[in-house]
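Using the UniProt record's numbering, you'd call the opening residue of the sequence shown number 1 and step up by one each time.
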Amino acid sequence: CAEGVVSVAGDALRIFMIDRLGETFNETVVPLRYTPRKFVVQPKRKLLVIIESDQGAFTAEEREAARKECFEAGGMGENGNADQMENGADDEDKEDPLSDEQYGYPKAVSEKWVSCIRVLDPKTATTTCLLELQDNEAAYSVCTVNFHDKEYGTLLAVGTVKGMQFWPKKNLVAGFIHIYRFVEDGKSLELLHKTQVEGVPLALCQFQGRLLAGIGPVLRLYDLGKKRLLRKCENKLFPNTIISIQTYRDRIYVGDIQE
């Protein structure tokens, strides 16, 4: 309505009015390790599962090792002061002279990818689990899925790509779909298995107790197996790369993009 936003809560009809649209309601900044790409909500505990990835970057451990090597080569302490290193003074309250946030993150070769999966509690803004992806993999898609097999309950599916390159031509080593289970009351993740696919899994979505995956121009339906995902059926008639999948009852809505 013109006065605000109309909502229904139980048997009540409520209207929310906003006096000053330019003001921020409530804002909390949570620093992340890499660029956030997508996130989903863990249904039981309402935790956020965020996938992060960057191209041409170093992992957090590699950046820290390079920083220490730089300080040692310059004969300085970790706060950039040579005198404090000699005197053993406490530098915890000093600002970092080589802060990545201020000077930017160091760049690696363009073929190198870094990526991680983070479980975040939005109520306390704390990270309960952080999984660093290895072997030059980058996470591109994520969703929660409940398979017909109720042994594990709600699972997490993450689509990744290994060795992605965009120049001089688009190329990749392999694509994968990781399946994780939630442990420790949803606060942590445990890998069940990962399945190799022939393209980039840019879109994942649950559909009637199975997993829909958009792999390049192919829409494929998977079921859960003991050691890998089992291919049930697929549709190869899409002209372009699939980037989004939504479902409603027995209907599937697919969005694609032309490069």
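The beta carbon of each residue, even a glycine, is placed where N, CA and C say it ideally should be.
Would you identify the three-state DSSP class for residue i, choosing helix, strand or coil?
i, result
"F238", "coil"
"E62", "helix"
"F182", "strand"
"T247", "strand"
"A108", "coil"
"K227", "coil"
"K38", "strand"
"G4", "coil"
"K68", "helix"
Classify residue i: buried if its beta carbon has 16 or more other beta carbons within 10 angstroms, exposed otherwise.
i, result
"A138", "buried"
"E92", "Because E92 sits at a pLDDT of 44, beneath the cut-off of 50, its placement in the model cannot be relied upon, and the following sentence gives the value as read from the coordinates. E92 comes out exposed."
"T144", "buried"
"V41", "exposed"
"V5", "exposed"
"F16", "exposed"
"G214", "buried"
"C233", "exposed"
"C116", "buried"
"G199", "buried"
Report the residue from the options whose alpha carbon sits nearest the alpha carbon of residue i.
i, options, result
"D256", "K226, P201, F207", "P201"
"C129", "K150, G159, R118, T241", "R118"
"A125", "K226, R14, V30", "V30"
"F58", "T35, G225, Q42, R45", "T35"
"V197", "R181, R220, E190", "R220"
"H178", "Y140, V218, Q42, T127", "Y140"
"Y248", "T241, K68, C205", "C205"
"F182", "V173, G10, L192", "L192"
"L189", "L156, G225, A60", "L156"
"I243", "G163, K232, E132, P217", "P217"
"W167", "E132, K112, G214", "K112"
"V228", "Y180, G22, A12", "It should be noted that the sequence gives Arg, not Val, for residue 228. Minimum Cα distance to R228 is reached at Y180."
"P239", "Q258, I252, G209", "Q258"
"T28", "K170, E69, P122", "P122"
"A203", "Q246, K169, Q165, R210", "Q246"
"K187", "L120, A108, F71", "L120"
"Q165", "N136, E151, L131", "N136"
"T127", "D185, L47, E64", "L47"
Determine which residues share a DSSP beta bridge with residue i and list them.
i, result
"D121", "T126"
"T144", "L156"
"E137", "K162"
"T195", "I177"
"R14", "S7"
"A203", "G214"
"W167", "DSSP output for W167 lists no bridge partner at all."
Just to check my reading of the structure: residue i and residue j have Cβ atoms closer than 8 angstroms, yes? What is that Cβ distance to the nearest angstrom?
i, j, result
"V194", "F176", "Per the sequence presented here, residue 194 reads as Lys, with Val not at that position. About 5 angstroms; that satisfies the 8 angstroms criterion."
"R37", "I51", "5 angstroms"
"L212", "D223", "With a Cβ gap of about 11 angstroms, L212 and D223 do not count as contacting."
"K44", "T154", "7 angstroms"
"Q55", "S110", "6 angstroms"
"V158", "L172", "16 angstroms between Cβ atoms; not a contact."
"P106", "A66", "7 angstroms"
"G225", "H148", "12 angstroms between Cβ atoms; not a contact."
Nearest chain B C-beta to residue i closer than 7 angstroms, yes or no?
i, result
"K227", "Judged by its chain identifiers, the structure shown contains no chain B, having just a single protein chain."
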